[in-house]
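Q: Listed in order, the protein sequences are those of chains A and B. Going by the working numbering, the letters in the first sequence line up with residues 1 to 249, in that order. Going by the working numbering, the letters in the second sequence line up with residues 1 to 249, in that order. Where is the CB? At the ideal position from N, CA and C, for every residue including glycine. Bear in mind the structure is a predicted one, so any value in this text is a computation, not a measurement.
2 protein chains.
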Amino acid sequence: MKALHLEKIHPGLSIDCVVFGLHGDTLKVLILKLKKIDKWALPGGFVAATEAVDTEAARMLKDRTGLDHLFLQQFHLFGAVDRNKVSDIRNFVDQQIISAAEGEVLAQRFVTISYYAVVDYAKVQAPTPDYSSEFCEWCPLKELPSLIHDHREIIAKAYQVLKRDLNYQPIGYNLLPDKFTMPELQAVYETILEKKIDRRNFRRKMLSFDILIATDEVRTGGSHKAPILYKFDEQKYQAAMVGGLVSLW
Amino acid sequence: MKALHLEKIHPGLSIDCVVFGLHGDTLKVLILKLKKIDKWALPGGFVAATEAVDTEAARMLKDRTGLDHLFLQQFHLFGAVDRNKVSDIRNFVDQQIISAAEGEVLAQRFVTISYYAVVDYAKVQAPTPDYSSEFCEWCPLKELPSLIHDHREIIAKAYQVLKRDLNYQPIGYNLLPDKFTMPELQAVYETILEKKIDRRNFRRKMLSFDILIATDEVRTGGSHKAPILYKFDEQKYQAAMVGGLVSLW
DNA sequence: ACAAAAGTGTTCCTTTTACACCCATGC
DNA sequence: GCATGGGTGTAAAAGGAACACTTTTGT
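1. Keeping to the same chain, check which residues put their C-beta closer than 8 Å to that of Y116(B); ignore five residues upstream and five downstream.
2. Determine, using beta carbons only, whether Q74(B) comes closer than 8 Å to chain A.
3. Does the Cβ of M1(B) have 16 or more other Cβ atoms within 10 Å, making it buried, or fewer, making it exposed?
4. Within its chain, find whatever has a CB closer than 7 Å to the CB of K236(B); leave out the 5 residues flanking it on each side and keep chain order.
5. Which ranges would you report for the alpha helix (DSSP H) in the region 121-146 of chain B if only whole runs of at least 4 residues count?
6. Tell me where the alpha helix (DSSP H) around H151(A) begins and ends.
7. Taking just the CA atoms, how far does E51(B) sit from L32(A)?
8. DSSP three-state label for T50(B), please.
9. Could you give the DSSP three-state label for A107(B): helix, strand or coil?
10. Which bits of chain A does T50(B) rub up against, with CB to CB less than 7 Å?
11. Could you give the distance in angstroms between the alpha-carbon of F180(B) and the alpha-carbon of G172(A)?
12. Take L22(A) as the anchor and find which of S133(A), F46(A), T55(A), I192(A) has the nearest alpha-carbon.
13. Are the C-beta atoms of M1(A) and some chain B residue less than 8 Å apart?
14. How many angstroms separate the CA atom of L70(B) from the CA atom of Q96(A)?
15. Taking I113(A) as the query, report the chain B residues whose CB atoms sit under 9 Å from its CB, ordered along the chain.
16. Under the rule that 16 or more other beta-carbon atoms within 10 Å means buried, what is V330(B), buried or exposed?
17. Out of curiosity, what's the CA-to-CA distance linking E102(B) and P177(B)?
18. I'd like to know whether the C-beta atoms of L248(A) and L141(B) end up nearer to each other than 8 Å.
19. Taking all protein chains shown into account, do 16 or more other C-beta atoms lie within 10 angstroms of the C-beta of Q169(B), making it buried, or fewer, making it exposed?
20. Check distances from the C-beta atoms of the region 7-40 of chain B to those of chain A and list, in chain order, the residues that come in under 9 Å.
21. Could you tell me if E56(B) is buried or exposed, where buried requires 16 or more neighbouring beta carbons within 10 angstroms of its beta carbon?
22. Out of curiosity, what's the CA-to-CA distance linking I113(B) and D54(B)?
23. Which one of V93(B), V119(B), A126(B) has the shortest CA to CA distance from S132(B)?
24. Run down chain B in chain order and give the residues with a C-beta less than 7 Å from the C-beta of I171(A).
25. Does any C-beta atom of chain A lie closer than 8 Å to the C-beta of G103(B)?
26. For K85(B), tell me which candidate among D150(B), K35(B), D130(B), K225(B) has the shortest Cα-Cα distance.
27. Which residue from A49(B), L229(B), S208(B) puts its Cα closest to that of A214(B)?
28. Nearest chain B C-beta to R164(A) closer than 8 Å, yes or no?
29. Here's a check: name, in chain order, each residue in its chain whose Cβ is nearer than 6 Å to the Cβ of D130(A), leaving out the five neighbours to either side.
30. Considering only their Cβ atoms, is the gap separating I154(A) from L61(A) smaller than 8 Å?
31. Where does F135(A) land, buried or exposed, given buried means 16+ other C-beta within 10 angstroms?
32. Check the Cβ-Cβ distances between L245(A) and every residue of chain B, and say whether any is below 8 Å.
33. According to DSSP, is A100(B) helix, strand or coil?
34. So, with DSSP's three-state summary, where would you put M1(B)?
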């Protein structure tokens, strides 16, 4: 159980991560159940004085999910004056999750820089809680429990940005295993965008981007024709991420 | 001349603003010439402990440009460990622009949250320098002088985001006077995207978004047919900003 | 009258949309 | 063999690209 080392952190700045995963046709986010308190929180933490902010975000994700090199996007700094609620901090101290001295520090004003990540649900075996939480859970985006501070707002913004980015960049990559079928990829889009897409048109358009490679394997098991397994063309995928898939002019 | 009040600011956090303006067919950014030092800086400052970050960014823009209610978008937190160069700070102290005690504080690690703004060049009469700078100037994006810290990198990122956003949202609004002609609007796109667009196709597509209202006025003066003046339809413009102009599905 | 540049229209071609049809797999 | 869902094809409509023509303004 790691403790806090508040003297070594960058002052007044925290990181919060919204980790998206797809469970069947449900979009879920990773949240932590706090100890002794009936509230939840986003995975996050503080920035070591000696580390880059982006590096620290990646570290936190690794600590919680075990995953490295994932799709991690900084998306917004939340900087309202009273965004970290003093009542929440006091609760922490009362429940002896943090010391009075630590509570003192955390009750000061904090701004938080938020990142979102999209991960392959299946690759995250057992998400690991941190010092302040008893367990970690995937929660459907539409069924969020009571969250501390402005974490609900952060998730809402993350989802909005995710939807926008999905229309611009082939994010599906990161939510799926290395090899996946066209219907699986389509499900990613339909779930996130909350919209039905014509099967055949989706297929054609997706293939036209020329970022997928058909393998000679198929996914058997369903009582129907076995769908072809695809993988992303790393090179072309990266290029598409830079330029974007659609543009006005 | 306002002084620094470092005891009242949020620690380790600064704001930097990239203000874009269009001068003819040149995209320019607003930069400040530092006193006694042969370097330039972005307009920016520190966050009062009692103010929201977004509010502070707007205040800085108002202080420098006199403009209120402008298009101001937070776009990235720069959080590398050594991004604020100690040598630059020392220079400040040596030149007595700031006190030794202030220099002490500023030499600590700072992360900066960046905003970009797009403004009507003509509306900014005389940009006002701050306590650290002797004057303020519009500089062509392609001819940037030596800038402190990572400000060059910040401008580069801002430009990249601006180009992306332009393809998504009708930003042109903010770079132009209330009433403008179709060729003027087209020039905004061509200048920012560095790309020629067919006059007639641009017109048709832009009108198809149904966010422009033709006035019954024209702009005279050119030795050619007087172009119609348009204005944005506030309502529909706002809606388009939310949904975006293009989408994959 | 002429140059310059704006407004309008047209043609061709590509993409999108909305389908019908066939194919493989498991029960 | 049949239900299920995947792969392929196609006709009609919409949208995009390229270009000709007309109109207005200042000199």
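A: Checking against the coordinates, here is how it stands:
1. What you label residue 116(B) is simply residue 116 of the second sequence in a count that begins at 1. Contacts found: C17, V18, V19, F20, L72, Q73, F75, A158, V161, L162.
2. Position 74 of the second sequence, counting from 1, holds the residue named residue 74(B). Yes, contact with chain A.
3. Residue numbering aside, residue 1(B) sits at position 1 when the second sequence is read from its first letter. Its pLDDT being 41, under 50, M1(B) is placed unreliably by the model, and the measurement read from it follows with that caveat. Classification for M1(B): exposed.
4. Position 236 of the second sequence, counted from the first residue, corresponds to residue 236(B). Here the set comprises D210, I211.
5. none
6. On the first sequence, position 151 is the one that residue 151(A) refers to. Where H151(A) is concerned, the enclosing alpha helix (DSSP H) starts and stops at 151-166.
7. In the first sequence, counting from the first residue as 1, residue 32(A) sits at position 32. In the second sequence, counting from the first residue as 1, residue 51(B) sits at position 51. Rounded to whole angstroms, L32(A) to E51(B) spans 30 Å at the Cα level.
8. Looking up residue 50(B) in the second sequence gives position 50. Looking at T50(B) - three-state DSSP - the assignment turns out to be coil, as it is neither helix nor strand.
9. The residue given as residue 107(B) occupies position 107 in the second sequence. The answer is coil: DSSP assigns A107(B) none of H, G, I, E or B.
10. In the second sequence, residue 50(B) corresponds to position 50, counting from 1. The answer, in chain order, is V81.
11. The count along the second sequence starts at 1 and reaches residue 180(B) at position 180. The count along the first sequence starts at 1 and reaches residue 172(A) at position 172. When rounded, the distance between both Cα atoms is 41 Å.
12. Counting from 1 along the first sequence, the entry for residue 22(A) is found at position 22. Taking only the C-alpha atoms, the option nearest L22(A) is I192(A).
13. The residue you call residue 1(A) lines up with position 1 of the first sequence. Because the pLDDT at M1(A) is just 42, under 50, the model does not fix this residue reliably, and the value given afterwards should be weighed accordingly. By this cut-off, M1(A) is not an interface position.
14. Indexing the second sequence from 1 puts residue 70(B) at position 70. Indexing the first sequence from 1 puts residue 96(A) at position 96. The straight-line gap from Cα to Cα measures roughly 46 Å.
15. Residue numbering aside, residue 113(A) sits at position 113 when the first sequence is read from its first letter. Chain B residues near I113(A): L77, G79, V111, I113.
16. Limits of chain B in this structure are 1 at one end and 249 at the other, which puts residue 330(B) out of reach.
17. If you number the second sequence from 1, residue 102(B) lands on position 102. If you number the second sequence from 1, residue 177(B) lands on position 177. Using only the alpha carbons, I get a separation of about 41 Å.
18. To locate residue 248(A), count along the first sequence from 1; it is residue 248. To locate residue 141(B), count along the second sequence from 1; it is residue 141. No, the pair does not count as a contact, with Cβ atoms beyond the cut-off.
19. Numbered from 1 along the second sequence, position 169 holds the residue referred to as residue 169(B). By the 10 Å Cβ count, Q169(B) comes out buried.
20. Here the close residues are H10, P11, G12, L13.
21. By one-based count along the second sequence, residue 56(B) stands at place 56. E56(B) comes out buried.
22. As a position in the second sequence, residue 113(B) is number 113, starting the count at 1. As a position in the second sequence, residue 54(B) is number 54, starting the count at 1. Computed Cα separation, rounded: 10 Å.
23. Mapped onto the second sequence, residue 132(B) falls at position 132. With distances taken between CA atoms, S132(B) lies nearest to V93(B) out of V93(B), V119(B), A126(B).
24. Mapped onto the first sequence, residue 171(A) falls at position 171. In chain order: nothing, as chain B lies at least about 11 Å away.
25. Here the question's residue 103(B) lines up with position 103 in the second sequence. Answer no: the Cβ-Cβ gap between G103(B) and chain A never drops below 8 Å.
26. Here residue 85(B) is taken as the residue at index 85 of the second sequence, counted from 1. Nearest of D150(B), K35(B), D130(B), K225(B) to K85(B), Cα basis: D150(B).
27. Within the second sequence, residue 214(B) is the residue found at index 214, counting from 1. For A214(B), the nearest C-alpha among the options comes from L229(B).
28. Locating residue 164(A) in the first sequence gives position 164, counting from the first residue. Taking Cβ atoms only, chain B reaches closer than 8 Å to R164(A), which makes this a yes.
29. Taking the first sequence and counting its residues from 1, one reaches residue 130(A) at position 130. There are no such residues.
30. Within the first sequence, residue 61(A) is the residue found at index 61, counting from 1. Within the first sequence, residue 154(A) is the residue found at index 154, counting from 1. Against a cut-off of 8 Å, the Cβ pair of I154(A) and L61(A) comes out as no contact.
31. As a working note, residue 135(A) is residue 135 in the first sequence. Exposed is the call here.
32. Start at 1 with the first residue of the first sequence, and residue 245(A) comes out as number 245. Yes - at least one Cβ of chain B is within 8 Å of the one on L245(A).
33. Within the second sequence, numbered from 1, the residue matching residue 100(B) stands at position 100. It is helical.
34. What you label residue 1(B) is simply residue 1 of the second sequence in a count that begins at 1. Residue confidence is low: M1(B) scores 41 on pLDDT, short of 50, so the model does not pin down where it sits. Its coordinate-derived value is still stated next. Three-state DSSP puts M1(B) in coil, outside helix and strand.
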